[in-house]
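Structure record follows, encoded as structure tokens.
In the numbering used here, the protein residues as written are 1 to 256.
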């Protein structure tokens, strides 16, 4: 497992830390693979009763590593290990808690929609940046976010592609508890450890039953993957990527 993903089991809780603070915990292919392994392995490990995930430093995750993302944009045959991680979020039956300690951009926000509880620091921020990048949302988020936030709020967050704060995330139904930055880890882990003392099978079966309220999320992810890849090679996306590299504002007025 990469040093950029740290794991340990403590009092029945599998603690996962995204550990690339110098890059705001931007996720590489190797990190995606390690995250998928950790999630899927939790269901097979009798010591694990709850999964808890956070970021190291002042960010949860800034999303995809830029170099990996641009490589995927240039190479139609590139395969991201995100395609293993995203279904793992849905498949895992062990309760999953996220502690959002800072920015949660792109996958940092969409993964939260598949967590069973989300705790956030007061200064955390969120963003679904996909429209600004000329692509479509990932992780079956177009199915889950309207379910919890309502159609209009979900469309606002998706189409505007702007950062939003904890208050807006709470309004959208994305967060259970908000804590100070200083208290987030201790209080979030305390909740995870309380949960770990409850009957593990009862929790997993409850999660399985609740998930029946959604259509097949893994199938939705499989369906959206080719469209996401297609959009990554669209003129709009190429303009967005070029503007990023050239440090300028993108001009989408030439596209319909």
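Backbone N, C-alpha and C fix where the C-beta goes; we use that ideal spot for every residue, glycine too.
> Cβ of residue 33 versus every heavy atom of the ligand SAH: is any distance shorter than 7 angstroms?
Replying inline: In the structure on display, the ligand SAH does not appear, and there are no ligands present to speak of.
> Taking the C-alpha atoms as reference points, what is the distance between residue 140 and residue 221?
Replying inline: The straight-line gap from Cα to Cα measures roughly 5 angstroms.
> For the putative contact between residue 249 and residue 243, defined by C-beta atoms under 8 angstroms, what is the C-beta separation to the nearest angstrom?
Replying inline: Yes, they are in contact, since the Cβ atoms of residue 249 and residue 243 sit about 6 angstroms apart, within 8 angstroms.
> Shortest alpha-carbon distance to residue 131 belongs to which of 6, 8, 252 and 9?
Replying inline: The shortest C-alpha separation from residue 131 is found at 252.
>> Taking the alpha helix (DSSP H) that residue 29 belongs to, which residues open and close that run?
In response: Segment 29-42, the alpha helix (DSSP H) holding residue 29.
>> Between 38, 27 and 34, which has its C-alpha nearest residue 94's C-alpha?
In response: Comparing alpha carbon positions, the residue from 38, 27 and 34 closest to residue 94 is 38.
> Can the beta-carbon of residue 58 be found less than 8 angstroms from the beta-carbon of residue 106?
Replying inline: No, these two residues do not count as a Cβ contact at 8 angstroms.
> Can you tell which of 113, 100 and 209 has its C-alpha closest to the C-alpha of residue 177?
Replying inline: Considering only alpha carbons, the answer is 100.
> By DSSP, does residue 56 sit in helix, in strand, or in coil?
Replying inline: In the structure shown, the three-state DSSP call for residue 56 is coil.
> Which residues share a DSSP beta bridge with residue 178?
Replying inline: Looking at the DSSP assignment, residue 178 forms a beta bridge with 120.
> So, residue 61 versus residue 108, is the Cβ gap smaller than 8 angstroms?
Replying inline: The answer is yes: Cβ separation under 8 angstroms.
> When the Cα atoms are used, what is the spatial distance from residue 52 to residue 128?
Replying inline: One C-alpha to the other measures close to 22 angstroms.
> Could you give the uninterrupted runs of the beta strand (DSSP E) lying entirely in the segment 136-184, keeping only those of 3 residues or more?
Replying inline: 177-179, all fully within the segment 136-184.
> Excluding five sequence neighbours on each side, which residues of the same chain lie with their C-beta closer than 7 angstroms to the C-beta of residue 87?
Replying inline: If we look at residue 87 and ignore the five residues flanking it on each side, its Cβ neighbours are 218 and 221.
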